[in-house]
Each structure stands twice: as C-alpha cells, then as structure tokens.
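Read the structure below first, then the notes.
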Amino acid sequence: KAGVTQTPRYLIKTRGQQVTLSCSPISGHRSVSWYQQTPGQGLQFLFEYFSETQRNKGNFPGRFSGRQFSNSRSEMNVSTLELGDSALYLCASTRDRAYQETQYFGPGTRLLVL
Amino acid sequence: AQSVTQPDIHITVSEGASLELRCNYSYGATPYLFWYVQSPGQGLQLLLKYFSGDTLVQGIKGFEAEFKRSQSSFNLRKPSVHWSDAAEYFCAVGAKTSYDKVIFGPGTSLSVIP
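Residue numbers (the numbering used here), protein chains in the order written: chain A, 43 to 156; chain B, 586 to 699.
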C-alpha cells in the first residue's frame with residue numbers, strides 16, 4: 043500500500059508570507075502528527091490530529107496551525123513566515139492512537155524562508 | 586523538565602563490529618521510549634519502542650534496546666553493523682498514547698567504515 047505522502051517536497055517563501063503543507067496518511071490511518079526538524083533545534087513535535095480534532099500541540103507559536111479532513115488528510119499552515127521557520131517538516135501517520143501502533147513517516151517538505 | 590540526552594554526537598564503527606548508542610532521559614512519570622533512524626534514502630523510521638514489560642526490546646533491522654530505570658537509560662545495540670546502518674539515530678521519550686508530545690534527543694550520527 044502507498045506510504046505517507048507530503049506535498050510539496052520543496053518550497054521557497056519569503057518572510058511575511060504564509061505557507062500550507064499537505065500530508066496524506068496511509069490508507070486507513072486516522073492519526074497524523076507533524077514535526078519540525080532544524081539544525082539548531084533538532085526534531086520537535088508540532089501537533090497531532092485524530093478524527094479531525096487536534097489532540098496535542100507542541101510549544102510553537104500560534105502562527106503554526108493545522109487541520110485534518112474527514113479523509114484523514116492533514117494540512118499545516120504557517121502564517122507570517124520568519125527566517126527561523128526554514129526547516130524540514132515531517133508528518134507521520136498511525137492507524138489509531140493506541141501505543142501499540144507503528145508510526146510511519148513521510149519524506150518531508152523542505153521549506154526555505156528567504 | 587523532560588529531556589533526552591544522547592552523549593555521543595558522532596560515532597564511527599567498522600562494518601561487522603558491534604554497536605551501542607547511548608540515550609539518557611529525564612522524565613517525571615513512566616516513560617515511553619523510542620529509537621528512530623533517519624537516512625537520506627529512507628527518511629525517518631521508527632526502529633523500536635518501549636512501553637512496559639520486558640526491558641529488552643527488539644526492533645527492526647536487527648536492533649535492540651534495553652530500558653534501565655535505575656540508570657534512566659535506553660541504549661540501542663546491534664551485534665554486527667552493516668554499511669547500510671550509517672545514518673542519524675534519535676532517541677525519544679513520550680507519554681501515554683500515540684507519540685503525543687514526544688521529545689527527541691539531539692541525535693547520534695553513525696558512520697560505518699567498510
């Protein structure tokens with residue numbers, strides 16, 4: 043079956059703009075989590091969505107938001123981009139929220155803010 | 586405060602040699618512990634996870650990890666390293682279900698000498 047897909051794979055934006063990233067989970071998976079990876083801060087949890095509801099959010103400003111659709115696809119949005127938002131954004135999906143479930147990651151979207 | 590440390594920034598081993606990557610955590614409650622591997626060709630992948638029970642956990646690709654509560658450690662081991670194991674390895678600690686609010690360590694970069 044198809045893995046987790048993320049679009050676009052690469053993106054260049056300028057400061058002040060906003061951006062929307064998309065994540066399509068594995069078919070049948072209902073939980074989607076987002077992560078930011080930067081050289082300085084490493085991997086950081088952004089938020090998790092399950093059944094169209096945000097279940098958890100990491101320590102990020104309100105400029106970072108997301109949503110999940112009824113087909114489990116998720117989008118994250120970053121408004122008023124800053125240089126420090128340049129990062130690899132990863133999403134991951136699991137079938138449900140049980141701890142036994144295995145998490146599968148997408149290839150990521152690399153965002154460069156100029 | 587919750588945190589994860591990986592004392593070794595970079596490790597180099599010869600192919601066929603044994604490997605141990607160190608991970609120490611600070612967590613107030615019963616930790617849920619994870620090891621992830623990230624390589625350019627494979628992206629980020631969950632190697633193994635510990636929630637409860639047997640403190641020696643088997644993962645994919647021949648890896649195992651041992652949870653030692655008294656030492657607050659969760660070291661990753663492999664008896665014989667293959668060149669394809671060269672990658673970045675991340676230890677992480679989380680709570681309850683489905684990887685919510687997981688905290689990642691800074692990572693250990695593994696190089697393998699043929």
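Note that beta-carbon positions come from the ideal geometry of N, C-alpha and C, so glycine has one too.
Put simply, the CB of residue 606(B) is far from chain A, with every gap to its CB atoms at 8 Å or more. Around residue 88(A), no beta-carbon contact reaches into chain B at under 9 Å, the shortest distance being about 10 Å.
Residue 616(B) and residue 589(B) have their C-alpha atoms roughly 11 Å apart. Inclusion of residue 68(A) and residue 146(A) in the CB contact set at 8 Å is warranted, their separation being smaller than that value. The stretch 588-604 of chain B and the stretch 632-639 of chain B do not touch, with fewer than three beta-carbon pairs separated by less than 8 Å. Burial check for residue 98(A): the Cβ neighbour count within 10 Å reaches 16 or more, so the residue is buried. DSSP places residue 595(B) in the uninterrupted beta strand (DSSP E) bounded by 595-599. Under the Cβ distance rule, residue 149(A) counts among the residues neighbouring chain B, one pair being separated by less than 8 Å.
Here DSSP, grouped into helix, strand and coil, assigns residue 646(B) to helix.
Membership of residue 635(B) in the beta strand (DSSP E) is indicated by the continuous run 628-635. Straight-line measurement puts the Cα of residue 79(A) at about 22 Å from the Cα of residue 612(B). For residue 110(A), same chain residues with a beta-carbon under 7 Å away, outside a window of 5 residues either side, are 74, 91, 94 and 116 in chain order.
Taking C-alpha positions only, residue 679(B) is separated from residue 610(B) by approximately 10 Å. Non-local beta-carbon contacts of residue 138(A) in its own chain, meaning distances under 7 Å to residues more than five positions away in sequence, involve 72 and 73 in chain order.
Residues of chain B with a Cβ closer than 8 Å to the Cβ of residue 95(A) do not exist, since the nearest Cβ in that chain sits about 13 Å away. Counting along the chain, the unbroken beta strand (DSSP E) around residue 620(B) starts and ends at 617-624.
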